[in-house]
Structures are given as structure tokens and as C-alpha cells.
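Residue numbers (my numbering): 1 to 364.
Glycine included, every Cβ here is placed at the ideal spot set by N, Cα and C.
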Amino acid sequence: QIRRFVSRDYWEVRARFGAAAGQYDGKWFEPAFRKSETDEHARADRIWERARAEAIVAECSGQPGTVVDESKPTSQWSGALYDLTTLQREANSRFGFSAKTTLSIAQALYEKHKVLTYPRTDSRHLPEDYLATVGEVMQSMVDAAGLPERSAGASLAPFAQQALAQAWIKPSKRVFDNTKISDHFAIIPTAQAPRTLSEAEQKVYDLVARRFLAVFFPPAEYLVTTRTTTVAGHRFRTTGKVLKAPGWLAIYGREAQDDDATLVAVQEQESVALDRIESVGLKTQPPPRYNEGTLLSAMENAGDAVDDELFAAAMSEKGLGTPATRAAIIEGLINEQYLLREGRELQPTAKAFQLLTLLRGLGV
């Protein structure tokens, strides 16, 4: 797909508006846009002819705009507990760890340090009779803060204390569900306080411990505002998100607001000035190359891309490989020089293309 991709030019019309309370940016969009079955690059804010983009700029220049805001509260729960594949994906995107590296670190945290549960799992849930154990793990995190030699999880003690004090550990199918467990349950910390971890082990332990706490915290609550500014019959869209209650985001240091909360307030139907407008030329991009995180996802969900109904049904539960073997499969392809690691990207080699040509030629 990347090799045969032909880039196309398109334009966006971007504007800056001046309201009584300050400035904000908006982007032109087509209100009647419908997703195209034939053109995957079509978007409501993409204009394919330069002349049309310049005509919109000309029609709007010097004209005032009127504003309509639509706000709605939304909430966002934390992600589910980790299985091996999601832990490998996260460690790859956050720290650049290979799937093999993450597996060996998680295995050491389980076998040597005894601070994580069994890592080679494909479940993201806990047994329904595990509430008391979860409470013990939380209490051990609280106790770790008082140890003479502060343990690796000590900084999380206030959050564990909060979850216990608020009685947030409750039976919930989001976390405790026997039907979602096969041989092993999700990866969580044990009641053993972690000591003398290497930097890489500390990073992986921290990922698991924070996610473990986050699933019991309340959702993050936002107020999402979509602003439509109409200028000379053309519509411009602006979105803003205000964090009202951080909930589980507090565990990740997100008590405060993101940069996208800078949307200035306006009065309903307020008339705003068009301070600046321009058309910006851009190009469509080919699909990105796989990195280990996205390749693990593709392997896990490989059945979704299979047209043959029998094969798709056979693969629907498991995808390609298992949580325990996916890292070894990727490493095997690299060792045999079918794939190259280029930074975080994985690139196919000429040898890989030759193999596929041969297999197709043989009708395999």
C-alpha cells in the first residue's frame, strides 16, 4: 500500500476569529459531507480544488461571523487491566520497548521479584472472588510508603489510600468477570512491595500498578463544546474540551487541563470579527508503517481482516499467535531478515516480498 500510494493535493481553509472574550481558531467544513465508500481520504474539511478554497477565502474576507455553541458533558473510564499484548503495546509506544523485552521484564517481575502476577495471559479481567485480594494489594501499596527504604510503588500510596477510604473496590463486570478468564487472569501487582528494580523493571511495574489503581477510580468528566461560526454562508468548526473532574486521570498527573481547553467563552449568537483567513495546501499521506505496538494489535485482531467466513470464525477469538508467542514470532521474522527495525518502525525486506511471490506462485 505504501509503495503504490499516490499522494494527492488538498486544501483546508483556516480562520481566526475575534470575540469579546478573546480569539479562537476555526476550520471550514462541508455540513452536507457524507463518508465516501470510494475515497478513503475524503473528509468534511478537505477541499480538492485550489480555486474553490481561494473562493471561500475571498467570500469570507472582511465579513463578520455569528456563533452557535453546543456543549455536552461526557465521561471517560480508564482502560481495562492489562493482558500481555496490551502491556507490550503500551510499553512499545511509551518507552520503545520491543515485545520480547517487555515479556522478559514482566517475567522477571513475576518470577524473580514476585511483584506481578503471571504475565503470559490473554485476559483483562479478574476472578469474581478477588475483591479481598485487591484490597490487600491496595493496602500493601499504602504500607509501602512507610517503609524505611521507599519501595518502587510508594508514590502511588495516596491513590491506593483514596480508593480504600472511598470504598471504590466494588463488584463490577468491567473488572471482575469469570466468563472473561481462560487459564490466567489480568496482570496486576501482588502484595509484595517492589525493591531494587532496574529502571526498565520500574517502568513496566509502574504501568501495571497505575492501570490497576485507575480501573477502580471514577471516570474523568469533561464538558465538550462544538462551536460553529457562520461567515457569509460558510461554516467553521471549533472544538474545545474542559476537564471538570479528573477522576482516574489524577493517577497519571492529569489533575490540570490539557491545552485544548483554551476555547474562549462567547455569548449565544454573538457577532465575531474575522481576524484572519487563509487556505493551506496539504498532501494525503500513505498508511503508516507498523511498529511493534500496532503489529501486535493487528496480530491480535487478525480475524477482522479475513474475508473467508470459516477462517474469520476460526480466528475470531485468538488472532495470530498467542500472548506468549507473538513476541517470538516478531523476533523470528527479524532474525530471519524478513523484517528490519528502523527506529520504532518495522519494514519488510526484499526477502519478504520474494517469499510472498513464491507462495502465491505455488498457490499456497
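The alpha-carbon separation between Ala200 and Phe95 amounts to approximately 9 angstroms. Looking at the DSSP output, Arg195 sits in no beta bridge, so it has no partner there.
Close CB contacts of Gln88 within its chain, under the 6 angstroms cut and outside five residues either way in sequence, are with Ala99, Thr102, Leu296 (chain order).
Annotated three-state conformation of Asn335 is helix, per DSSP. DSSP places Gly361 in the uninterrupted alpha helix (DSSP H) bounded by 350 to 361.
DSSP, reduced to helix, strand and coil, places Glu345 within a strand of the structure shown. With distances taken between CA atoms, Lys241 lies nearest to Asp69 out of Gly293, Asp69, Gln161, Pro194.
Going by DSSP, Arg52 is part of the alpha helix (DSSP H) stretching over 50 to 60.
With distances taken between CA atoms, Val224 lies nearest to Ala245 out of Ala245, Ala209, Gly321. In this structure, the straight-line span from the alpha carbon of His184 to that of Leu333 is close to 28 angstroms. At the C-beta level, Asn291 and Glu345 come within 8 angstroms of one another.
Here Asn92 is buried. Its C-beta has 16 or more other C-beta atoms within 10 Å. Here the alpha carbon of Ser78 sits roughly 29 angstroms from the alpha carbon of Ala328. Per DSSP, Pro158 lies in no beta strand (DSSP E); the unbroken alpha helix (DSSP H) holding it starts and ends at 157 to 165. If only complete runs of 3 or more residues are kept, the stretch 44 to 126 shows the beta strand (DSSP E) at 65 to 76, in order along the chain. Here DSSP, grouped into helix, strand and coil, assigns Phe185 to coil. Within the same chain, Pro119 come within 7 angstroms of Gln107 by CB-CB distance, once the 5 residues on both sides are set aside.
Counting along the chain, Gln285 sits inside no beta strand (DSSP E), nor does DSSP assign it H or E at all. For Val242, the enclosing beta strand (DSSP E) stretches over residues 234 to 245. Counting the other CB atoms within 10 Å of its CB gives Val231 a total of 16 or more, which places it among the buried residues. Just so you know, the alpha carbons of Gln162 and Ala302 end up roughly 40 angstroms apart.
Within the same chain, Cβ atoms closer than 6 angstroms to the Cβ of Ala265 are found at Ala21, the five residues on either side in sequence being excluded. Per DSSP, Ala144 is one residue of the alpha helix (DSSP H) stretching across 131 to 144. Lys180 sits in a helix when the DSSP states are folded into three classes.
DSSP places Leu274 within a strand segment (E or B) once states are collapsed to three. Beta-bridge partners of Val280 (DSSP): Glu12. With contacts defined by Cβ atoms closer than 8 angstroms, Phe29 and Arg276 do not form a contacting pair.
Relative to the Cα of Leu355, the nearest Cα in the group Val137, Ser75, Tyr338 belongs to Tyr338.
Going by beta carbons, Thr229 and Gly18 fall outside the 8 angstroms limit.
In this structure, the alpha-carbon of Leu207 lies about 24 angstroms from that of Asn178. Counting only residues of its own chain and dropping the five nearest sequence neighbours on each side, Ser75 has a CB closer than 6 angstroms to the CB of Pro219, Glu221. Nearest in C-alpha terms to Trp48, of all of Gln347, Gly281, Val204, is Gly281. In this structure, Thr284 and Arg34 do not form a Cβ contact; the two beta carbons are roughly 19 angstroms apart against a cut-off of 8 angstroms. By a beta-carbon distance limit of 8 angstroms, Gln63 contacts Leu274. Their separation comes to about 6 angstroms. A check of alpha carbon separations from Trp168 across Ala132, Leu197, Leu340 identifies Ala132 as the nearest.
By the Cβ-count criterion, Asp83 is buried, with 16 or more other Cβ atoms from all chains shown falling within 10 Å of its own Cβ.
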